[in-house]
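Visitor: Note that the sequence shown covers residues 1 to 432 in UniProt numbering. Every residue gets a Cβ at the ideal spot worked out from N, C-alpha and C, and that includes glycine.
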Amino acid sequence: MLKKIFSGLLLSLALLIVAALAAYLYYWRPALAPIDPPVATAFSPQVVEQGRLLAGMGNCAACHTAQGGADYAGGHGLATPFGTIYATNITPDRQTGIGRWSLAAFQRAMREGVGRDGAHLYPVFPYTHFNRVSDADLTALYAYVMTRPPVYAVAPVNSVPFPLNLRPLQAGWKLLFFKPASFQLDPAQGLDWNRGRYLAEGLAHCAACHTPRNALGAELAGSSYLGASIDHWYAPALTSANTAPLPWTQDELYAFLRTGATALHGVAAGPMSAVVHEGMGASPDGDIRALATYFAGVAGVEQRQVDTDTVVKAGIARSQRVSLVDNDRGASLYVAACASCHSNSDGRPVALRPELSLNSAVSAPDPANLIQVILHGISKDDAMPGVLMPGFAASLTDNDVAQLAAYLRRSRSPQPAWTNLEAAVARARAGK
């Protein structure tokens, strides 16, 4: 009997050792040898320029540049449910940047989420998308960042609590949620559609914002582009689940991504403004058109037949009718603060005075975008030149903003009423 118990314990111990060894081998990644920073002349100007455009498509500067800091020197805090993670310095500084990273180390970080020293990176860095980027594009991106001015800058310490800050746990996260996959052309689709998909699923990492996530921060399987809350804003669905009154056609998507505004949907603000103007602003028209082609396909606009003129006329008529007969607090606030700019009595919506019955923010399932714009307005850095709106955070109370948002929702949209609006306004005002 004791012999059997002893044999069982030995077997259990052996299995435990094997499991621990397997876990260690899965976690362990070797450090890659440091290099001397390559001189700028080691890269051709054409490749560096291609890298610049790719860095814009990936909006790399948005995360890797702190407010008021040097470009790509890191320090920008990324708030997550697990704590604040600070983007690292990706200038070619030898000590605090990636100056001693080889191309192989750079590619491993981009595709596997592993640093040069072998440490697993937090998935807030979207290697889960970057692993689809081609060798040629990663080489060009490497050439670009390695020819930026080196900046000595140490990122602040992350505020991720123990034990979530343990790097081996990131390997476990990968085991659960990360399935490396290179990009594959779809022969049933055209060149523009495939190019758009390559950009969207790779460097542009659109799903990182527009896809809901699970409790561990991974994108929900089977829910790509269904919309999600991020940074106190709402990234709307890019599928047929989008609730905008008019479909996001290829032309509408192109206009929005190229200029930051469209008369039939609204303007880019918040995080999307940076994507359009600071990120994709330098991207060639062909790439913007490719993204528009791809997402028009994702949204199934060809299957959604809508008479645009009829919807526009009905929306404007609804706006005029409700404004005249509804005398509640929300309507009064609208007349006092909004009507002079948002009136389209001539029946022709234009981007300079958005028609709110067509506006995507008014029809969204989440009121976050409308609340943010009411509170903070549209600045010269948002939307497109000439589209400006003052913020009303200083002149309207939380209850005022809630009343105004509720009024716009019921008078301009057939979607269900939003709930707990005043609490949502308070959170937005506090940045929570």
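Ignoring anything shorter than 4 residues, give me the alpha helix (DSSP H) runs that lie fully in the UniProt domain "Cytochrome c" (191-299), in order along the chain.
Guide: Considered as a whole, the UniProt domain "Cytochrome c" (191-299) harbours 191-201, 207-210, 250-259, 271-274, 285-298 as its complete alpha helix (DSSP H) runs of no fewer than 4 residues, in chain order.
Visitor: Could you check if residue 104 is buried or exposed, using at least 16 other CB atoms within 10 Å of its CB as the buried criterion?
Guide: Taking the sequence shown and counting its residues from 1, the one referred to as residue 104 is at position 104. Burial call: exposed.
Visitor: Determine the extent of the alpha helix (DSSP H) in which residue 394 is found, giving its start and end residues.
Guide: On the sequence shown, residue 394 is found 394 positions in, with the first residue counted as 1. No alpha helix (DSSP H) contains residue 394, which DSSP labels as neither H nor E.
Visitor: Give me the Cβ distance between residue 269 and residue 137, rounded to the nearest whole Å; I'm assuming they're in contact under 8 angstroms.
Guide: By one-based count along the sequence shown, residue 269 stands at place 269. By one-based count along the sequence shown, residue 137 stands at place 137. Contact doesn't hold; Cβ gap of about 29 angstroms is too wide.
Visitor: With a CB to CB cut of under 6 angstroms and the five nearest residues on each side skipped, what residues in its chain are close to residue 224?
Guide: Taking the sequence shown and counting its residues from 1, the one referred to as residue 224 is at position 224. Cβ within range, chain order: 207, 211.
Visitor: Please name the residue, chosen from 260, 110, 249, 184, that lies closest to residue 60 on a Cα-to-Cα basis.
Guide: To locate residue 60, count along the sequence shown from 1; it is residue 60. Comparing Cα-Cα distances from residue 60 to each of 260, 110, 249, 184, the minimum goes to 110.
Visitor: Hey, could you find the ends of the beta strand (DSSP E) residue 172 is sitting in?
Guide: Within the sequence shown, the letter at position 172 stands for residue 172. Run containing residue 172: none in the beta strand (DSSP E); it sits in the alpha helix (DSSP H), 167-177.
Visitor: Would you mind stating whether residue 264 and residue 241 have Cβ atoms separated by less than 7 angstroms?
Guide: Against the sequence shown, residue 264 aligns to sequence position 264. Against the sequence shown, residue 241 aligns to sequence position 241. For residue 264 and residue 241, no; Cβs fall outside 7 angstroms.
Visitor: Can you pull the DSSP bridge partners for residue 353?
Guide: Residue mapping note: residue 353 aligns to position 353 of the sequence shown, counting from 1. In the DSSP assignment, residue 353 is bridged to 350.
Visitor: Could you pull out every residue in the same chain whose Cβ sits closer than 6 angstroms to the Cβ of residue 101, ignoring the five residues on either side in sequence?
Guide: Counted from its first residue, the sequence shown places residue 101 at position 101. Correct list, in chain order: 116.
Visitor: Which first and last residues belong to the beta strand (DSSP E) in which residue 141 is found?
Guide: The residue labelled residue 141 in the question sits at position 141 within the sequence shown. Looking at the DSSP string, residue 141 is not in any beta strand (DSSP E); the run it does join, the alpha helix (DSSP H), is 135-146.
Visitor: Measure how close the beta-carbons of residue 249 and residue 256 come, nearest whole angstrom, since I'm counting them as under 8 angstroms.
Guide: Counting from one through the sequence shown, the residue named residue 249 turns up at place 249. Counting from one through the sequence shown, the residue named residue 256 turns up at place 256. Their Cβ separation, rounded to whole angstroms, is 10 angstroms, which puts residue 249 and residue 256 out of contact at 8 angstroms.
Visitor: Using 10 angstroms around the beta-carbon of residue 363, count the other beta-carbons present and answer buried if the total reaches 16, otherwise exposed.
Guide: To locate residue 363, count along the sequence shown from 1; it is residue 363. Classification for residue 363: buried.
Visitor: Of the residues 130, 260, 400, which one's Cα is nearest the Cα of residue 380?
Guide: Residue mapping note: residue 380 aligns to position 380 of the sequence shown, counting from 1. Nearest C-alpha to residue 380: 260.
Visitor: Could you work out which residue in 291, 176, 252, 386 is closest to residue 205 when comparing CA atoms only?
Guide: Position 205 of the sequence shown, counted from the first residue, corresponds to residue 205. Out of 291, 176, 252, 386, 291 has the C-alpha closest to the C-alpha of residue 205.
Visitor: Evaluate the contact criterion for the segment 343-353 versus the segment 391-399: three or more CB pairs, one atom per stretch, below 8 angstroms.
Guide: no
Visitor: Please state whether DSSP places residue 114 in a helix, a strand or coil.
Guide: Position 114 of the sequence shown, counting from 1, holds the residue named residue 114. DSSP places residue 114 in strand when its eight states are reduced to three.
Visitor: Can you give, in chain order, each stretch of the beta strand (DSSP E) that sits fully within the segment 32-85 and has at least 3 residues?
Guide: 77-80
Visitor: What's the C-alpha gap between residue 71 and residue 64?
Guide: On the sequence shown, residue 71 is found 71 positions in, with the first residue counted as 1. On the sequence shown, residue 64 is found 64 positions in, with the first residue counted as 1. Distance between the alpha carbons of residue 71 and residue 64 is about 7 angstroms.
Visitor: Pick helix, strand or coil for residue 316, following the three-state DSSP scheme.
Guide: Numbered from 1 along the sequence shown, position 316 holds the residue referred to as residue 316. Note: residue 316 maps to helix in three-state DSSP.
Visitor: Given that a residue counts as buried once 16 or more other Cβ atoms are within 10 Å of its Cβ, and exposed if not, what is residue 417?
Guide: Position 417 of the sequence shown, counting from 1, holds the residue named residue 417. So residue 417 ends up on the exposed side.
Visitor: Is it right to say residue 174 is buried, meaning 16 or more other beta carbons lie within 10 angstroms of its own, or is it exposed?
Guide: Your numbering for residue 174 matches position 174 in the sequence shown. Buried, by the Cβ-count rule.
Visitor: I believe residue 90 touches residue 157 by the beta-carbon criterion, under 8 angstroms. Please report the beta-carbon distance rounded to the nearest angstrom.
Guide: In the sequence shown, residue 90 corresponds to position 90, counting from 1. In the sequence shown, residue 157 corresponds to position 157, counting from 1. Separation of the CB atoms of residue 90 and residue 157 is rounded to 18 angstroms, and the pair is thereby denied contact status at 8 angstroms.
Visitor: Give every residue of the same chain whose Cβ lies closer than 6 angstroms to the Cβ of residue 258, excluding the five residues on either side of it in the sequence, and list them in chain order.
Guide: By one-based count along the sequence shown, residue 258 stands at place 258. Cβ within range, chain order: 288.
Visitor: Does the Cβ-Cβ distance between residue 56 and residue 282 come in under 7 angstroms?
Guide: One-based indexing of the sequence shown puts residue 56 at position 56. One-based indexing of the sequence shown puts residue 282 at position 282. In contact: residue 56 and residue 282 (Cβ atoms closer than 7 angstroms).
Visitor: Indicate whether residue 118 and residue 30 have their beta-carbon atoms separated by less than 7 angstroms.
Guide: The residue given as residue 118 occupies position 118 in the sequence shown. The residue given as residue 30 occupies position 30 in the sequence shown. Contact flag set, yes.
Visitor: What does DSSP give as the partner residue(s) for residue 371 in the beta ladder?
Guide: Here residue 371 refers to the residue found at position 371 of the sequence shown. Answer by DSSP bridge pairing: none, since residue 371 is not bridged.
Visitor: Residues in the same chain with beta-carbon distance under 6 angstroms from residue 398, minus the five sequence neighbours each way, listed in chain order, please.
Guide: The residue you call residue 398 lines up with position 398 of the sequence shown. Excluding residues within five positions, the ones whose Cβ falls inside 6 angstroms are 422, 425, 426.
Visitor: Can you check DSSP and say which residues form a bridge with residue 477?
Guide: Residue 477 falls outside the range modelled here, since the chain spans only 1 to 432, and no answer is possible.
Visitor: What is the C-beta distance between residue 437 and residue 298, in whole angstroms, given that I count them as a contact (C-beta under 8 angstroms)?
Guide: Shown here, the chain extends from 1 to 432; a query on residue 437 therefore has no answer.
Visitor: Does DSSP put residue 24 in a helix, in a strand, or in coil?
Guide: Stepping through the sequence shown from its first residue, residue 24 is reached at position 24. Bear in mind that the predicted position of residue 24 carries a pLDDT of just 49, short of 50, making it unreliable; the figure below should be weighed with that in mind. Residue 24: helix per DSSP, three-state reduction.
Visitor: Are the beta-carbon atoms belonging to residue 357 and residue 330 less than 7 angstroms from one another?
Guide: What you label residue 357 is simply residue 357 of the sequence shown in a count that begins at 1. What you label residue 330 is simply residue 330 of the sequence shown in a count that begins at 1. Cβ atoms of residue 357 and residue 330: not closer than 7 angstroms.
Visitor: Here's a check: name, in chain order, each residue in its chain whose Cβ is nearer than 7 angstroms to the Cβ of residue 293, leaving out the five neighbours to either side.
Guide: Translated into the one-based positions of the sequence shown, residue 293 becomes position 293. Cβ neighbours of residue 293 beyond the five flanking positions: 192, 193, 196, 250.
Visitor: Quick check: the Cα distance between residue 428 and residue 371, rounded to an integer number of angstroms?
Guide: Position 428 of the sequence shown, counted from the first residue, corresponds to residue 428. Position 371 of the sequence shown, counted from the first residue, corresponds to residue 371. Cα to Cα, residue 428 sits roughly 7 angstroms from residue 371.
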